[in-house]
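Under the numbering used here, the first residue of the sequence shown is numbered 141, with each subsequent residue one higher.
Below you'll find the structure, written out as structure tokens, and then a few comments.
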Amino acid sequence: VTTSKGCSDSSSVVKVFVNAAPVLGVISGQRSVCKNTSAVYFVPSSSNAFNWSVTGCTITSDSVSKSVTIRWDSTGTGILKFKAIKGFTGCTKDTFVFVTIGDTLFPVITSSGDTSFCKGESVTLSAGSAYQTYLWSQGNQTTFSIKVQTTGLYSLSVTDASGCSGTSSASTITSLPQG
Numbered sequence: 141v142t143t144s145k146g147c148s149d150s151s152s153v154v155k156v157f158v159n160a161a162p163v164l165g166v167i168s169g170q171r172s173v174c175k176n177t178s179a180v181y182f183v184p185s186s187s188n189a190f191n192w193s194v195t196g197c198t199i200t201s202d203s204v205s206k207s208v209t210i211r212w213d214s215t216g217t218g219i220l221k222f223k224a225i226k227g228f229t230g231c232t233k234d235t236f237v238f239v240t241i242g243d244t245l246f247p248v249i250t251s252s253g254d255t256s257f258c259k260g261e262s263v264t265l266s267a268g269s270a271y272q273t274y275l276w277s278q279g280n281q282t283t284f285s286i287k288v289q290t291t292g293l294y295s296l297s298v299t300d301a302s303g304c305s306g307t308s309s310a311s312t313i314t315s316l317p318q319g
């Protein structure tokens with residue numbers, strides 16, 4: 141660098157390295173559990189070190205792997221956190237989910253799109269695959285997701301592996317006439 145008065149100086153080169161953060165998927169496992177039951181959770185990750193932490197429960201398995209078993213001890217809302225640590229760089233990335241802990245299950249129905257659609261179209265309803273059994277109010281289907289083409293109220297009753305059960309709130313589906 142040279143100034144307007146003819147003075148010059150140089151600086152040393154500084155190398156900057158940017159390390160990539162670990163890649164995380166979504167935590168899978170039940171979002172609604174019964175008090176005093178256990179559930180298994182898993183998260184896909186590109187990292188080689190992990191750490192789970194929780195509130196409202198007890199970790200009953202190794203807390204430094206991609207999967208963990210949790211015993212939900214009290215009613216309310218639990219928070220399940222997963223931290224991935226990438227290699228020797230120390231770069232971390234966190235993800236978390238809220239888990240409803242009650243005396244019964246409270247499955248939540250999600251839709252693949254709009255719940256009002258034109259005749260001939262459809263939407264898929266699902267509560268995830270974490271439960272043991274499923275029974276939909278319309279059509280007595282027993283799968284974790286269903287394809288819906290007709291107007292109606294759709295709810296879902298589920299049971300988990302420990303025998304705890306519950307029913308979702310109803311989802312309103314409207315098939316509109318073409319016109």
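No residue lacks a Cβ here, since even glycine has one placed at the ideal position from N, Cα and C.
Quick caveat, the model's predicted, so the values are computed rather than measured.
What did DSSP end up calling Thr-283 once you bin it into helix, strand or coil? coil
Option in Ser-203, Ser-262, Gly-242 with minimal Cα separation from Gly-292: Ser-262
Less than 6 Å between C-beta atoms, sequence neighbours within five positions excluded: which residues of the same chain meet that for Gly-306? Thr-244, Leu-245, Phe-246
Pick out whichever of Gly-279, Phe-257, Val-163 has its Cα sitting closest to the Cα of Gln-318. Phe-257
Endpoints, beta strand (DSSP E) assigned at Ala-357: Residue 357 lies beyond the stretch modelled for the chain, which goes from 141 to 319, so this question has no answer here.
Please name the residue, chosen from Ser-277, Ser-302, Gly-260, Gly-218, that lies closest to Thr-198 on a Cα-to-Cα basis. Gly-218
Cβ neighbour criterion (16 or more within 10 Å) applied to Gly-169: buried
Rounded separation between Gly-146 and Val-153 - CA only: 22 Å
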